[in-house]
Each structure stands twice: as structure tokens, then as C-alpha cells.
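*Asks:* Before I ask anything, let me first share the structure, which is written out below as C-alpha cells.
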Amino acid sequence: KNIPFVLKPVDMYTLMSRIKRKVGTPVMPVVVTPEKQWINDSSLIIDHHPLNPHTRAGLLLVDEGAGSTATILTEAFQQAGIPVPIRLATALVYGIGAETQNLGREAGPRDAAAYTTLLPNASLKALWRITNPPKPASLFRTIASAIRHAFMARNVIGVHLRELSSPDGVAQMADFLLSHEGMQWSI
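In our numbering, the protein residues as written are 375 to 561.
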């Protein structure tokens, strides 16, 4: 993507809120060096998804039993006896809620425990702002098009979205269409 590499300190709150405002969903930024080299090794990876066999890192912490990476981080803070400040608690609550669709999808008792432990220390006002950002007009055009062109076969719903202003529209529309009564898959 020809993004110049600029090393800046980034905290978790910045990753969870500012990047979400720009692209519509929290993502880890892709880093390219000034020589246009993709950085393919990380010093630390914490995740709850299965890793690609080619993934390399100085330290890997992968726990597929958690429904969210934020759950793994919360448990690490608890086990180390480290208090979680308000902004970090807010980011972790958001992370658990976003990954598990508010504990309704792929969530387990560990996720619920982490969420309920953090929630009293989180800023509900900031959490609301993160989860309800202003939405561009293009999103509403995409929703309208998805509704008009959706097709169903048994418990599958899908749509060909054509060109989108943001790649996040694919996941947003898949989740939106999946909320249709009786649907179990969206494509």
C-alpha cells in the first residue's frame, strides 16, 4: 500500500478507537518499511485464532479457548495483579464485545468473566462513542443495495456487493444480513 514506515508509540486505546474511526473496525495496521518491505515478523503476537504455520514472533501467546484476544489480556493483567486503568478497561470491554458480538457468538465463561470484571471500571460514555461512530452516507447506500439484491437459499443469505468504498463493508453487510430471521450463514 506504499505506506511509509514511521515508528510511533501506540497504546491499546489508540488502536481500538482511532483506527476504528478511520476504517470502521479495529485492525492492526500493516507496516511497510521505507524500502517497501513488508514486516513479516513481530516481536509479540497475542491471539485467540489459530495461527498460520508461517507466523513468526519472538513471543507467541495463542489461546484458542478464549473468544477474544482482549480476554487473554484481561486474564494476564489479573494473574499479574496489575490494575487496569479506565481507558484500558474500556478498550478491553470493547474488544471482548466486538469479538463475541456482546457475548452472543463464540463466547465462553472466561469471556463473560473478563467482561463483567472490567465493565465497572470502563467508561460507558467512551464505549458508546467507540461503538456508535458517525456513519458515512456510503454505508447507507451499501445497506440499501444489500437489502435490494440479497438472495436466500434455505438458511443461507448472500449478496454481491460490487465495489465498496471500504473493505469493512463486506463484514458489516455479512453480519447485517445474518440477522435475517432463520439465516445461519451469510455469503
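Glycine residues also receive a C-beta, built at the ideal position from the N, C-alpha and C atoms.
Could you give the distance in angstroms between the alpha-carbon of Thr-443 and the alpha-carbon of Phe-525?
*Replies:* As a working mapping, residue 443 is identified with position 69 in the sequence shown. As a working mapping, residue 525 is identified with position 151 in the sequence shown. Between Thr-443 and Phe-525, the C-alpha separation is close to 34 Å.
*Asks:* Please report the straight-line C-alpha distance between Glu-449 and Ala-481, rounded to a whole angstrom.
*Replies:* In the sequence shown, residue 449 corresponds to position 75, counting from 1. In the sequence shown, residue 481 corresponds to position 107, counting from 1. So the two alpha carbons sit approximately 15 Å from each other.
*Asks:* Return the residue from the list Ile-561, Ala-463, Leu-433 that minimises the CA-CA distance to Leu-492.
*Replies:* Here residue 492 is taken as the residue at index 118 of the sequence shown, counted from 1. Leu-492 has its Cα closest to that of Ala-463, out of Ile-561, Ala-463, Leu-433.
*Asks:* Jot down the residue ranges of each uninterrupted beta strand (DSSP E) in the segment 449-529, minimum 3 residues, whole runs only, in chain order.
*Replies:* 525-527
*Asks:* Is it the case that the Cβ atoms of Thr-516 and Leu-551 are separated by a distance below 8 Å?
*Replies:* Translated into positions along the sequence shown, residue 516 becomes position 142. Translated into positions along the sequence shown, residue 551 becomes position 177. Not closer than 8 Å, so no.
*Asks:* Count the other CB atoms within 10 Å of the CB of Ile-521; is the residue buried (16 or more) or exposed (fewer)?
*Replies:* As a working note, residue 521 is residue 147 in the sequence shown. It is exposed - the Cβ of Ile-521 has fewer than 16 other Cβ atoms within 10 Å.
*Asks:* Just to confirm my understanding: we take Thr-474, look at its own chain, exclude 5 residues before and 5 after, and list those with CB closer than 7 Å. What are they?
*Replies:* As a first step, residue 474 is located in the sequence shown; it is residue number 100 there, counting from the start. Excluding sequence neighbours, Thr-474 sits near Gly-441, Ser-442, Glu-480, Ala-481, Asp-485.
*Asks:* For Arg-536, which residues of its own chain have a beta-carbon under 8 Å away from its beta-carbon, when the five flanking residues on both sides are left out?
*Replies:* For the purposes of this step, residue 536 is taken as the residue at position 162 of the sequence shown. Cβ neighbours of Arg-536 beyond the five flanking positions: Ser-519.
*Asks:* Comparing alpha-carbon positions, which option in Val-467, Gln-546, Ile-531 lies nearest Gly-556?
*Replies:* In the sequence shown, the residue the question calls residue 556 occupies position 182. Closest in alpha carbon position to Gly-556, among Val-467, Gln-546, Ile-531, is Ile-531.
*Asks:* Tell me the residue span of the alpha helix (DSSP H) that contains Val-533.
*Replies:* Residue mapping note: residue 533 aligns to position 159 of the sequence shown, counting from 1. Careful: Val-533 lies outside any alpha helix (DSSP H) and carries neither H nor E.
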